[in-house]
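Each step along the sequence shown adds one to the number in the UniProt record's numbering, with nothing skipped, and position 53 is 53.
Since the structure comes first, as structure tokens, the remarks are kept for the end.
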Amino acid sequence: MADPTRAATTGGNDTTAPEKQSASNAWHAWLSVKQLASRYGAHEATIWRWSREGRFVQPVKLAGNLTRWSLSDVESWEQAQREASA
């Protein structure tokens, strides 16, 4: 089973749809659970479990059943993991 603290952090494809973050025309990229699973070579259920257990970034519910992870939060988490393992 993959471990988020040892997962590859290269990113791969960036197929995120930009979402308006604020009135200042700043854009915010979001990642789906499928994209994260691909990014880390893990199963989608593993991403959900890591988040639920507090071992990974918390998702954001954007609407109804639309839940995503902030790309900037994910990248910050990855940087923290790299620094912790150095």
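Ideal Cβ placement from N, Cα and C applies to all residues, glycine included.
Given the structure is predicted, the values throughout are model-derived calculations rather than measurements.
- Membership of Val74 in the alpha helix (DSSP H) is indicated by the continuous run Leu71 to Ser85.
- Note: Leu66 is bridge-paired with Ala63 in the DSSP secondary-structure output.
- Trp69 sits buried, since 16 or more C-beta atoms from the chains shown fall within 10 Å of its C-beta.
- Exclusion of the five residues before and after Phe56 leaves Pro4, Ile47, Trp50 and Trp77 as the residues of its chain whose Cβ lies within less than 8 Å of its Cβ.
- DSSP places Glu53 outside any alpha helix (DSSP H), giving it a letter other than H or E.
- For Ser32, same chain residues with a beta-carbon under 7 Å away, outside a window of 5 residues either side, are Arg68 in chain order.
- By the neighbour-count definition (other C-beta atoms within 10 Å, threshold 16), Trp30 is a buried residue.
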